[in-house]
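Trainee: Sending over a structure as structure tokens; questions will come in a sec.
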Amino acid sequence: MLLCIDVGNTHVSLGLYPEPDPGTDPSSLDPVPQRRWRLRTDTSATADELDLTVSGMLGAHFPEVTAVAALSTVPGPSRELRTLLARWSDRMRTLVVGPGVRTGVPLLVDQPREVGADRVVNSLAAHHLFGTAAICVDLGTCTNVDVVTAKGEFLGGALAPGIDVAMQALAERASSLRPVDLLEPRSVIGRTTVEAVQAGVLYGAAGQVDGLVRRILAELGPDAGPVAVVVTGGLAELVHGRADTVTDHVPDLTLHGLRLTHLRHHRR
């Protein structure tokens, strides 16, 4: 089995997939893992603690793991993750996606090494799933809106504070407001302070996505052809169904991109 690990600023996502054969057509792979887990990112966790946590969460599935593909966008956990995978490498194939690792995605930006590995593998996964140009909206600590061409080239994108970050900033800076549960309010016109915050945050986030996507589509122009707009990330469900421009929701887009990167390297 292939274990994919995505270490983000707030959460760690893990997905367990059947390990693909070297000759597998990437477009035939189902992006949904057989099992998935999610835990909070602990920036102070050591490699030993990560070992206990991951092996404990997988339980009886851990001995089935024959390969690991991972990425981390957080410096501290990145070091410990690499230490852990180096320890595991004597009994399984390991791959940490980062600068210098070939994914097959041309990075048509000024500073390719600055592009986060999550943005690259999201673009890879979207291109394989839809076969068209795509806009990937990853809603986590940061809202990433990334653009991939119909040829699978990464063009760049836009970055904005995530929904949770906006909520925390609002509660910290506005003394009369407090964090609220992000639930659907009765209407956009909130009749209580809680509903007003819920409406502003939820529909504001959807409007932000729609505004950025429409501007990107206008900049791409008609020559781009069909463009899939896919949302992913831990907060994607809050926007899916509320943003008019979104065409697809792929919860495990990043994990699937790690899987495709593993397949590319496994072929070599």
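The opening residue of the sequence shown carries number 907 in this note's numbering; numbering runs sequentially from there. Just so it is clear, CB atoms sit at the ideal spot from N, CA and C, and this is done for glycine as well. Since this is a predicted model, take the numbers as computed values, not measurements.
In angstroms with no decimal places, state the Cα-to-Cα distance between Phe1036 and Ala1134.
Mentor: If I take the Cα positions, the gap works out to 7 Å.
Trainee: Which same chain residues end up closer than 7 Å to Glu1143 when comparing Cβ atoms and leaving out the 5 residues on each side of it in sequence?
Mentor: none
Trainee: Rounded to a whole number of angstroms, what is the C-alpha to C-alpha distance between Asp1129 and Leu1123?
Mentor: If I take the Cα positions, the gap works out to 10 Å.
Trainee: Quick one: what does DSSP say Val1092 is sitting in, helix, strand or coil?
Mentor: The residue you asked about is not Val; residue 1092 is Arg in the sequence shown. Arg1092 falls in the coil class under three-state DSSP.
Trainee: In three-state DSSP terms, what is Asp1129?
Mentor: Note: Asp1129 maps to helix in three-state DSSP.
Trainee: Would you mind stating whether Trp943 and Leu977 have Cβ atoms separated by less than 8 Å?
Mentor: Contact: no.
Trainee: Classify Glu986: buried if its beta carbon has 16 or more other beta carbons within 10 angstroms, exposed otherwise.
Mentor: That one is buried.
Trainee: What three-state label does DSSP hand His1171 in the structure shown?
Mentor: helix
Trainee: Could you please give the first and the last residue of the uninterrupted alpha helix (DSSP H) stretch that includes Thr959?
Mentor: Ala953 to Leu964
Trainee: Rounded to the nearest angstrom, what separates Leu1089 and Leu1108 at their Cα positions?
Mentor: Straight-line spacing of the CA atoms in Leu1089 and Leu1108 works out to 8 Å.
Trainee: How do the stretch 932-942 and the stretch 990-1006 stand: do at least 3 beta-carbon pairs fall below 8 Å, yes or no?
Mentor: no
Trainee: In the DSSP assignment, the alpha helix (DSSP H) including Ser984 goes from what residue to what residue?
Mentor: Taken as a continuous stretch (DSSP letters only), the alpha helix (DSSP H) holding Ser984 covers Pro981 to Trp994.
Trainee: My guess is that Leu1164 and Val1003 are in contact by the Cβ rule of under 8 Å, so how many angstroms apart are they, rounded?
Mentor: About 6 Å separates the beta carbons of Leu1164 and Val1003, which is inside the 8 Å limit, making them a contact pair.
Trainee: Roughly how many angstroms lie between the CA atoms of Arg1174 and Asp931, to the nearest whole one?
Mentor: Residue placement at Arg1174 is flagged as unreliable, the pLDDT there being 47, under the threshold of 50; the coordinate-derived value follows with that caveat. C-alpha separation (whole angstroms): 15 Å.
Trainee: For Asp1154, which three-state DSSP category applies?
Mentor: strand
Trainee: Please check the pair Pro928 and His1172, which I expect to be a contact at CB under 8 Å, by giving their CB distance rounded to whole angstroms.
Mentor: 6 Å
Trainee: Taking 7 Å as the line, does the beta carbon of Val1115 fall inside it for any heavy atom of the ligand ADP?
Mentor: Ligands displayed in this structure: none; no statement on the ligand ADP is therefore possible.
Trainee: Span of the beta strand (DSSP E) holding His874?
Mentor: The shown model of the chain, from 907 to 1174, leaves out residue 874, and the question about it has no answer.
Trainee: Answer yes or no: do Asp1070 and Thr916 have a C-beta to C-beta separation smaller than 8 Å?
Mentor: yes
Trainee: Considering only C-alpha positions, which residue in the set Gly1110, Arg1097 and Leu1061 is nearest to Gly1068?
Mentor: Gly1110
Trainee: For Arg1079, name the three-state secondary structure that DSSP assigns.
Mentor: helix
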